[in-house]
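Engineer: I have a structure here, written as structure tokens, and I will follow up with some questions on it.
This is the structure we're talking about:
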């Protein structure tokens, strides 16, 4: 009963790919991280200063204990010049696990600095799912150059992974897994795991397969540890498993993991054979990315990669240009509606002053509905059973807030211009546009979703078109008809 | 080598809380789910029809094999009346695991239908983290009524959980865990796990503690299974663990899990004692929710709960009202800017026709920048090291797209109104506003974040104020100065 100290882990042999090779300092233990486990800006400056002073030794010492994810963050935070210097400094013990963590444009820089030869070596060290992910992000000709420098077996595995569609389960899955026959006992399985060198460095579950290698169930590791040796694996297996077809869409995979709280699931090919596994940590990235992408898409930022932060100015400007062109279209559409009523505005310039209000309020109310609907479609809370009910609700919400804002806006307009008819006109236009916004805010994304299109991607443009046209038309039209 | 069939799991005793009691049918195996693992709308209709026909037996048979998450979805999809009927039908074997999966307003309905007595029983069956989560969502008086009906020990545990701040690690953590002394061997630990009844139903890691119960490291279960019995736990532990302080913010917890790809982490109190654990499946919900909330907040939907889809019309209208009031403010601000130039518009009505264009384009370009920045702050890709660099980039992107759209808009304006000066004015205003939008789009969220405010929550209003004022002022002001 001695020893309150834990002996440190023996450092025998090189770090294994997949296992965390360098663990990070504890809180307050080092200078690299702050209390929120983020890189300390001062630390990043220290590294940059060492690199610029050409003191590679100091730079290497500073970053020696960094976790691979923190190393990836460090590479992202440095500017292009320092980034290349750092890669050069750590070239000899470059941890391949850094690569999947990098934003695309930063990874391109790292590849340039490493060179194809060293990049190919790093890719070989990665788990199959990570290697496929990184290879999939490369340009076709770069990929060819790198794959040609890899061992034949690894290359074949990566090329097979790349043959699955980018958004499919096949791309997410890891080939390394533990599978045992369904007639084995817990004891036999443990003996096998202890003796074999072929099992993956890290696994969360053992898959039970039939003689034709079809998955029969998943045994979670805690069930093996709490069962006695003679217990049959078949007795502790959960036989009602969710087998993921290799061509399943990755957002469906993410939904399944969230829905069932599972930590690992088998992936089967068309004939039902077990060919890989997907684990919860792969799915976490999908969930984070998909939920975050919704907002970016709604705002018209087309992030083909996970982060557009590190893109060059020209690439960024270019990627946003198309969305702005489309919006210029809706803006000129608004102008053309106003143009119809140019004579009315000449007669009553108060119309020009007040006319943006209804259009703007409609746009905001419609966006509230749209965001709710897009999120509910993303989480699959909105579906055929409740769509009609939610649609009616949104229209009524538009009616209620429309009436409230009709009164508020009407009163303000009256106090400003002392014109009762103008107040009535702007109030009526407000109700009209807020109902239209509620209706458009729910029907547009539902229709796009039904047609198999991404509602987060294009619904905003259609919604704006509706709220701008209805907003200006109802206000200026009513004013022309009633007041002039 | 016989038996391609896996014997089904023996059904001894009642289902344990935490473990999936009812597994769902396989793909194509039942009518309840479609191929994407979602509830089939026709199945939902069948259940509703059985309930309305008062055939509780049929309803019970239909839902008997549903996974608890699918049962939660079913309750959400039914309308209020059918929901109560279903709860009543399944009252006797109501699976408590359904409760944490429900949207807040649906859970209130379920509580009403179950009654306080049965709801308290259900809450007692849940794991501590789930029980605290559900109890935390109740109104104070309802919570009191339910806690008073629970066993003293469970009640104390829940009240302790509720004493931690809602956004803290303490609320996420689960009290149930496996901890062993640091001098034990793998064999001793396995024997302990096999013999004890006190270990949780499900666990992903074993924590090693010193005699004062301070966490010394985490042993992942696969390491125990691949190590021989005499190996010391201290030799396979990863000693460089990330200990989560109980008051850590949950978004920091989520960041840590994503960053380090960890599946379970120890939670310690102020004195460093191990008091709970957080597992990856709890964090998945946080990640999904936080990333999704960003969009909702940007769109002015204040979802205090995870889903506002099931709220009543009045509550929904009310929750969106405040945001619309704020936006009415910016709309009238735009009107007052236009009001300054009422005379100019009277002289040249083309100004009224074209004036929304620059403001609208500025809003869209600014939102692109804002969304990128909010997402980058959420994923912590944006920080003190790169903020200035990214800020300059955004301003240059504004300049480049500003110049392009100045030309495009100027040409269209010239073709429409045959007025060279008008084309120059709108082009100049466009460049001005797109630069302002880029500047505001990055500085506003950064300043809000620095002040400890949520940039997703309020940045849009400030951004709109900038783009509207600069948009109308630059266009109408320049026109007045140059043309009139």
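Protein chains in written order, with my numbering: chain Y, 224 to 707; chain R, 224 to 707.
For each residue, glycine too, the CB sits at the ideal point set by N, CA and C.
Since the structure is predicted, the reported quantities are computational estimates derived from the model, not experimental observations.
Taking beta-carbon pairs under 9 Å, can you tell me which members of the region 384 to 403 of chain Y lie near chain R?
Structural biologist: So the list reads 401, given in the order they occur along the chain.
Engineer: Under a three-way DSSP split, which group does residue 419 of chain R fall into?
Structural biologist: Looking at residue 419 of chain R - three-state DSSP - the assignment turns out to be coil, as it is neither helix nor strand.
Engineer: With a threshold of 9 Å between beta-carbons, can residue 706 of chain R be considered close to chain Y, or not?
Structural biologist: Not closer than 9 Å to any Cβ of chain Y, the Cβ of residue 706 of chain R fails to qualify, so no.
Engineer: Per the DSSP calculation, residue 432 of chain Y is bridged to which residue(s)?
Structural biologist: DSSP, once it has assigned bridges, lists Y:404 and Y:438 as partnering residue 432 of chain Y.
Engineer: Between the Cα of residue 553 of chain R and those of Y:586, Y:557, Y:406 and Y:525, spot the shortest distance and give me the residue it belongs to.
Structural biologist: Y:586
Engineer: Just checking: is the beta-carbon of residue 436 of chain R within a distance shorter than 9 Å of some beta-carbon in chain Y?
Structural biologist: Residue 436 of chain R is outside the set of residues whose beta carbon lies under 9 Å from a beta carbon in chain Y.
Engineer: Ends of the beta strand (DSSP E) at residue 491 of chain Y?
Structural biologist: For residue 491 of chain Y, the uninterrupted beta strand (DSSP E) run begins and ends at 487 to 491, by DSSP.
Engineer: Tell me which same chain residues have a C-beta within less than 7 Å of the C-beta of residue 477 of chain R, skipping the five on either side of it?
Structural biologist: 506, 509, 510 and 513
Engineer: Which residues in chain R have a C-beta closer than 8 Å to the C-beta of residue 426 of chain Y? List them in chain order.
Structural biologist: Those are 445, listed as they occur along chain R.
Engineer: Keeping to the same chain, check which residues put their C-beta closer than 8 Å to that of residue 708 of chain Y; ignore five residues upstream and five downstream.
Structural biologist: As shown, chain Y starts at 224 and ends at 707. That puts residue 708 of chain Y outside it, with no answer to give.
Engineer: Between residue 262 of chain Y and the rest of its own chain, which residues show a CB-CB distance below 8 Å, the 5 nearest in sequence each way excluded?
Structural biologist: Cβ-Cβ distances below 8 Å link residue 262 of chain Y to 255, 256, 293, 296, 297 and 300 in the same chain, with the five nearest sequence neighbours on each side left out; the list follows chain order.
Engineer: Buried or exposed: residue 345 of chain Y, going by 16 or more other Cβ atoms within 10 Å of its Cβ?
Structural biologist: By the 16-neighbour rule on beta-carbons within 10 angstroms, residue 345 of chain Y is buried.
Engineer: What residue from Y:545, Y:579, Y:598 and Y:548 has the CA that sits closest to residue 521 of chain R's CA?
Structural biologist: Ranking the options by Cα distance to residue 521 of chain R, first place goes to Y:598.
Engineer: Quick one: does residue 294 of chain R have its CB under 9 Å from some CB of chain Y?
Structural biologist: no
Engineer: How about residue 427 of chain Y and residue 416 of chain Y: do their beta carbons lie closer than 9 Å?
Structural biologist: no
Engineer: If you draw a straight line from the C-alpha of residue 708 of chain Y to the C-alpha of residue 267 of chain R, how long is it?
Structural biologist: There is no way to answer for residue 708 of chain Y, as the model of chain Y reaches only from 224 to 707.
Engineer: Within the continuous beta strand (DSSP E) that includes residue 499 of chain Y, where are the two ends?
Structural biologist: 497 to 502
Engineer: Out of Y:654, Y:700, Y:684 and Y:613, state which residue places its alpha-carbon closest to the alpha-carbon of residue 546 of chain Y.
Structural biologist: Y:684
Engineer: Can you give me the Cβ contacts of residue 465 of chain Y inside the same chain, cut-off strictly under 8 Å, excluding the 5 residues immediately before and after it?
Structural biologist: 479, 483, 485 and 488
Engineer: Pop quiz: residue 579 of chain Y and residue 557 of chain R are said to be a contact at Cβ under 8 Å. What is the actual Cβ separation, rounded to whole angstroms?
Structural biologist: 5 Å
Engineer: Along chain Y, which residues have their Cβ under 9 Å away from the Cβ of residue 612 of chain R?
Structural biologist: 302
Engineer: Alpha carbon to alpha carbon, how far is residue 588 of chain Y from residue 600 of chain R? Give it in angstroms, no decimals.
Structural biologist: 26 Å
Engineer: How about residue 678 of chain R: is its C-beta nearer than 9 Å to some C-beta of chain Y?
Structural biologist: With 9 Å as the cut-off, residue 678 of chain R does not count as an interface residue toward chain Y.
Engineer: In its own chain, which residues sit with a C-beta less than 6 Å from the C-beta of residue 436 of chain R, not counting the 5 before and 5 after it?
Structural biologist: Counting only Cβ-Cβ distances below 6 Å, and skipping sequence neighbours, we find 496 and 497.
Engineer: Which complete alpha helix (DSSP H) runs does the region 442 to 491 of chain R hold, if anything under 4 residues is left out?
Structural biologist: 444 to 448, 456 to 459 and 473 to 483
Engineer: Count Cβ pairs between the region 562 to 580 of chain R and the region 360 to 371 of chain R that sit closer than 8 Å; are there 3 or more?
Structural biologist: no
Engineer: Between which two residues does the alpha helix (DSSP H) carrying residue 368 of chain R extend?
Structural biologist: 363 to 370
Engineer: Using a Cβ-Cβ distance cut-off of 9 Å, determine whether residue 644 of chain Y contacts chain R.
Structural biologist: no
Engineer: Determine which residues of the region 556 to 573 of chain Y have a Cβ less than 7 Å from any Cβ of chain R, and write them out in chain order.
Structural biologist: Those residues of the region 556 to 573 of chain Y that come within reach of chain R (Cβ to Cβ, closer than 7 Å) are 557, 558, 561, 562, 565, 568, 569 and 572.
Engineer: In the structure shown, what three-state DSSP assignment does residue 708 of chain Y receive?
Structural biologist: This structure gives no information on residue 708 of chain Y, because the portion of chain Y shown stretches from 224 to 707.
Engineer: For residue 256 of chain R, which of helix, strand or coil comes out of DSSP?
Structural biologist: strand
Engineer: Less than 8 Å between C-beta atoms, sequence neighbours within five positions excluded: which residues of the same chain meet that for residue 240 of chain Y?
Structural biologist: Bear in mind that a pLDDT of 36 at residue 240 of chain Y, under 50, signals an unreliable position, so the model cannot answer this.
Engineer: By DSSP, does residue 349 of chain Y sit in helix, in strand, or in coil?
Structural biologist: coil
Engineer: At the level of alpha carbons, what is the spacing between residue 566 of chain Y and residue 694 of chain Y?
Structural biologist: Going by the C-alpha atoms only, they are around 18 Å apart.
Engineer: Taking 9 Å as the threshold (beta carbon to beta carbon), is residue 604 of chain Y in contact with chain R?
Structural biologist: yes
Engineer: State the start and end residues of the unbroken alpha helix (DSSP H) segment that holds residue 595 of chain R.
Structural biologist: 573 to 601
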